[in-house]
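Participant: Numbering (full-length UniProt numbering), first residue to last: 1 to 620. Every residue gets a Cβ at the ideal spot worked out from N, C-alpha and C, and that includes glycine. Structure provided below as structure tokens; questions to follow.
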């Protein structure tokens, strides 16, 4: 029976081991900190038989007892050794630098407990930090599993009152990843719909695409209830695309009697061979530990092979992203004065170039962002819409009857029928006054946009150097405020000038003819021609004014808030080099050096991962 587990065909061995070794090597590098790796995670409620399944697969006795036994993720790396006479090998590693070599399988249980006490502390607490148990033996499959803590429903002893929530959070961090196959261990003698492990798996994998169910303790199923188990395995109760398998591991009495695992496998085979309802599953390869080990190895290898193209892309993307982050932090501060001046100068020149790109609509943007210039254009469109609305309101309110009433109210010494030119000027001045607030609102909004863009860029470039960032922000904010005030005064001047009635004659006559043509059919003979004429003149003049302001106001905004601001900003930033507190510009935030070290470490492991993936040649 053991040969079925360990002695796969040579061709299959050549396919299996390289795939699993590749992912194991990436995990050893720490790549799992940066992106998800293909994996099989084992979950189950307490007393589900999860430990027994893992013992049967690994050939070693894992920690047992009441309450929570697995207190942190245990990476179980099994390697089948086919060379006759090769000695059993075991090693336990944790916290990056600690590694304990084990002499024989009997040492595993205590070694795992000691490692858990170091990682998770003495007692019943849990930790997200992983422990790795590596086993090379003739009686194990080529397989890597991640054993997760059993789900506790009620806190006992000195356990935290929210221990169930803590465990579920830990489990979910693994099984929610699309790269993870979830092995859900469930006793065959319970209502599977009530098990927390299966509920959690269905929550993150509703279609059961990544979930394989393992039913344990078939010998404890009540007589007459076997058909229910058969229905579950045949996927008729809770559907899982990967289906279910049935295993029988050592019971408590077998453990007390110190029954060898090899004998337990023989006992399992006899049980299924002679069972009226379950023997068919053995024949079909859906029951017993040997078939489970083969199934898991195939699942893992297929899953790894399918994931490799995406994994390569993720490594490349993450490496590029991390390199950019490191570049933004810089290589560290030079110790000599000339080096520091050069360092700050280069940062400022690069900063100035990015701001210039923003002004010229060449900035690098993300999917959710919009270029500053595009945001300005949107506001300019709103301004044009405001002018168009004004024109529409004039059409509605400055009809001939309204003009007649206005003339009556403002009439001076004129005889009836004469319309004063001053009335025309009064209406124009009132119209211009109404446009002042929308124009200034446009300017304020544009200022806010450029301010946000500059602040974000300043933080991005200088966040590691607080004093330099603060000084740059103060200079740039002062400059922006100055240009804002200049633009504000110029807008007010422009609108004040618009209160002076003027238009080039030919342009005005063309617009007047257009208005008269539009209004002829609407006019009434009961109102004087002078009043009609006044209405036409106002409409024509307002159209000319609107067209003029639709361009002039945005030009003033662009000239000051982008053009002038950018030109003066460059000079101001270069002038910072002569600041009296220049020495403080190179003071780093306390966590910057630590961040740089972390990014360098990530780049190193991602480069190694990229090299490993590039050198991997799948066996046909």
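Apart from the five residues just before and just after residue 322, which ones in its own chain have a Cβ nearer than 6 Å to its Cβ?
Facilitator: The residues are 599, 602 and 603.
Participant: Could you give the C-beta distance for residue 76 and residue 141, rounded to a whole number, given that I count them as a contact under 8 Å?
Facilitator: Actually they do not touch by this definition, with Cβ atoms about 11 Å apart.
Participant: Which residue comes first and which comes last in the beta strand (DSSP E) that contains residue 134?
Facilitator: Unbroken beta strand (DSSP E) run through residue 134: 131-137.
Participant: From the DSSP output, read off the bridge partner residues of residue 284.
Facilitator: Answer is none; residue 284 lacks a bridge partner.
Participant: Let me know the secondary structure DSSP gives residue 40 once reduced to three states.
Facilitator: Looking at residue 40 - three-state DSSP - the assignment turns out to be strand.
Participant: Thinking C-alpha only, which one of 247, 303 and 317 is nearest residue 293?
Facilitator: Out of 247, 303 and 317, 247 has the C-alpha closest to the C-alpha of residue 293.
Participant: Which residue marks the beginning of the alpha helix (DSSP H) containing residue 271, and which one marks its end?
Facilitator: Counting along the chain, the alpha helix (DSSP H) containing residue 271 begins and ends at 261-274.
Participant: Looking at the structure shown, is residue 246 part of a helix, part of a strand, or coil, going by DSSP?
Facilitator: Strand.
Participant: Does the distance from the CB of residue 295 to the CB of residue 212 come in under 9 Å?
Facilitator: A contact, by the Cβ cut-off of 9 Å.
Participant: Evaluate the contact criterion for the region 556-569 versus the region 482-495: three or more CB pairs, one atom per stretch, below 8 Å.
Facilitator: Output reads yes: the region 482-495 touches the region 556-569.
Participant: Tell me which residues share the same chain as residue 475 and place their Cβ nearer than 6 Å to its Cβ, disregarding the 5 neighbours each side in the sequence.
Facilitator: Cβ within range, chain order: 572.
Participant: Return the residue from the list 548, 450 and 473 that minimises the CA-CA distance to residue 497.
Facilitator: The shortest C-alpha separation from residue 497 is found at 548.
Participant: Any idea if residue 45 is buried or exposed, counting beta-carbon neighbours within 10 angstroms, 16 or more meaning buried?
Facilitator: Buried, by the Cβ-count rule.
Participant: Within 8 Å, do at least three Cβ pairs link the region 85-93 to the region 176-195?
Facilitator: With the cut-off at 8 Å, the region 176-195 and the region 85-93 do not touch.
Participant: Would you tell me roughly how many angstroms separate the C-alpha atoms of residue 550 and residue 200, rounded to the nearest one?
Facilitator: Each residue's Cα considered, the two are about 60 Å apart.
Participant: Leaving out the 5 sequence neighbours to the left and right, which residues in its chain are closer than 7 Å to residue 574 when beta-carbon positions are compared?
Facilitator: Around residue 574: 348.
Participant: Quick check on this structure: which residue in 38, 338, 446 and 119 has the alpha carbon closest to the alpha carbon of residue 555?
Facilitator: Residue 446 is the option with its Cα nearest to residue 555.
Participant: How is the alpha helix (DSSP H) around residue 466 delimited, first residue to last?
Facilitator: First-last of the alpha helix (DSSP H) with residue 466: 466-497.
Participant: According to DSSP, is residue 148 helix, strand or coil?
Facilitator: Reduced to three states, the DSSP call for residue 148 is coil.
Participant: Starting from the Cα of residue 23, find the closest Cα among 307, 148, 452 and 343 and give me that residue.
Facilitator: Nearest of 307, 148, 452 and 343 to residue 23, Cα basis: 307.
Participant: Quick one: Cα of residue 194 to Cα of residue 466, how far?
Facilitator: Each residue's Cα considered, the two are about 55 Å apart.
Participant: Checking 9 Å against the spacing of the C-beta atoms, do residue 81 and residue 132 come in under that value?
Facilitator: Taking 9 Å as the Cβ cut-off, residue 81 and residue 132 do not qualify as a contacting pair.
Participant: Can the beta-carbon of residue 136 be found less than 9 Å from the beta-carbon of residue 182?
Facilitator: For residue 136 and residue 182, no; Cβs fall outside 9 Å.
Participant: Decide if the region 57-73 is in contact with the region 144-153; the criterion is three or more beta carbon pairs, one per stretch, under 8 Å apart.
Facilitator: Output reads yes: the region 144-153 touches the region 57-73.
Participant: For the UniProt domain "GED" (531-620), list the alpha helix (DSSP H) runs that are entirely contained and at least 4 residues long, ordered along the chain.
Facilitator: Runs found: 565-575 and 592-615.
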